[in-house]
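Student: UniProt numbering applies: residue 1 is where the sequence shown begins, and numbers increase by one. Note that beta-carbon positions come from the ideal geometry of N, C-alpha and C, so glycine has one too.
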Amino acid sequence: MNYIKNSIHKIIALVLLWGVLGYATDALAQNNPPIEDYLLYPQITALTSNGGMLAWVMNEQGRRNIYVSSEKGEEARKITSYKSDDGQEITNVSVSADGKWVVYVRGGGHGGNWSATASVNPESKIIQPGVSVWSVPITGGKPIKLGNGSYPRVSPNSDEVIFSRSGNLYIAPIDGSINSKKLFATKGTVRHAQWSPSGDKVAFSVSRTTHA
1 MNYIKNSIHK
11 IIALVLLWGV
21 LGYATDALAQ
31 NNPPIEDYLL
41 YPQITALTSN
51 GGMLAWVMNE
61 QGRRNIYVSS
71 EKGEEARKIT
81 SYKSDDGQEI
91 TNVSVSADGK
101 WVVYVRGGGH
111 GGNWSATASV
121 NPESKIIQPG
131 VSVWSVPITG
141 GKPIKLGNGS
151 YPRVSPNSDE
161 VIFSRSGNLY
171 IAPIDGSINS
181 KKLFATKGTV
191 RHAQWSPSGD
201 KVAFSVSRTT
211 HA
């Protein structure tokens, strides 16, 4: 049943995204369009769904923002307002189980030649941009910084987020009401953290160079 449900969600998402990109069809039909035309097309990444909601990242000429829609096919809405082409990618997007929050990572080089946890600074800023975990209400609003780090996992109860920072595991409330804190201290690097289905335990592995 879960496989069928996930397949249906993906089909709905593809239909929605096809509609979002439909306006580009006429331009593609031109004979040998200039490269500038291709660079104008929005790029879609990080498609995910949960809690009856879909979320994805739209890269519009370098301006990366998160869009959402319901699985019923309502009109897509932009819920973040990043306005500049600053080279900061948005990855690790997830929707809380209750469909009320979107959690994501901004910065780093996930899936590229850069380290996922290293600062990407194409504008040569004096203060380098960091790699941080953020949350934003599904209705939109000002994003909330949960802490520096990456690879967030939202609790099945939709109230907390765990994420990695410098080989350690941190936890924060999804609404950012209190500062994040380290869950525990251990030798080695914590990896592959996952919540238990009940949301009261966390499983993980620890890499200690020669053994785990």
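1. Quick check on I35: does DSSP put it in helix, strand or coil?
2. Taking only three categories from DSSP, how would you classify N40?
3. Under the rule that 16 or more other beta-carbon atoms within 10 Å means buried, what is N50, buried or exposed?
4. Would Y23 be called buried (16 or more neighbouring beta carbons within 10 Å of its own) or exposed?
5. Which residue comes first and which comes last in the beta strand (DSSP E) that contains E160?
6. Mind checking who R63 pairs with in its DSSP beta bridge?
7. Please determine, among L40, E71 and Y67, the residue with the shortest C-alpha to C-alpha distance to Y104.
8. Label V154 either buried or exposed according to how many other C-beta atoms from any shown protein chain fall within 10 Å of its C-beta, with 16 as the threshold for buried.
9. So, is N32 buried or exposed, given that buried needs 16 or more other C-beta atoms within 10 angstroms?
10. So, with DSSP's three-state summary, where would you put Y23?
11. Under a Cβ-count criterion, where at least 16 other Cβ atoms within 10 Å of its own Cβ denotes burial, should L54 be classed as buried or exposed?
12. Using a Cβ-Cβ cut-off of 8 Å (strictly less than) and excluding sequence neighbours within five positions of Q88, which residues of its own chain qualify?
13. Among I178, S150, N157 and V102, which one has its Cα closest to the Cα of I79?
14. Quick check on DSSP: helix, strand or coil for D85?
15. Given this structure, state the Cα-to-Cα distance separating K142 from V136, to the nearest angstrom.
16. Does DSSP put R153 in a helix, a strand or coil?
17. Considering only the alpha carbon of each residue, which of E160, S164, A76 and T91 lies closest to S196?
18. Would you report the Cα separation of E75 and S69, rounded to the nearest angstrom?
Tutor: In short:
1. helix
2. Looking at the sequence provided, one finds Leu at residue 40 rather than Asn. In the structure shown, L40 sits in a helix (DSSP, three-state: H, G or I).
3. buried
4. Because Y23 carries a pLDDT of 48, less than 50, the predicted location of this residue cannot be relied on, and the following value inherits that uncertainty. Y23 is exposed by the Cβ-count criterion.
5. E160 to R165
6. E60
7. Y67
8. buried
9. exposed
10. With a pLDDT of only 48 at Y23, under the threshold of 50, the placement of this residue in the model should not be trusted; the figure read from the coordinates follows. The answer is helix: DSSP assigns Y23 an H, G or I state.
11. buried
12. R64, Y82, R106, G107, V120 and P129
13. V102
14. coil
15. 7 Å
16. strand
17. E160
18. 6 Å
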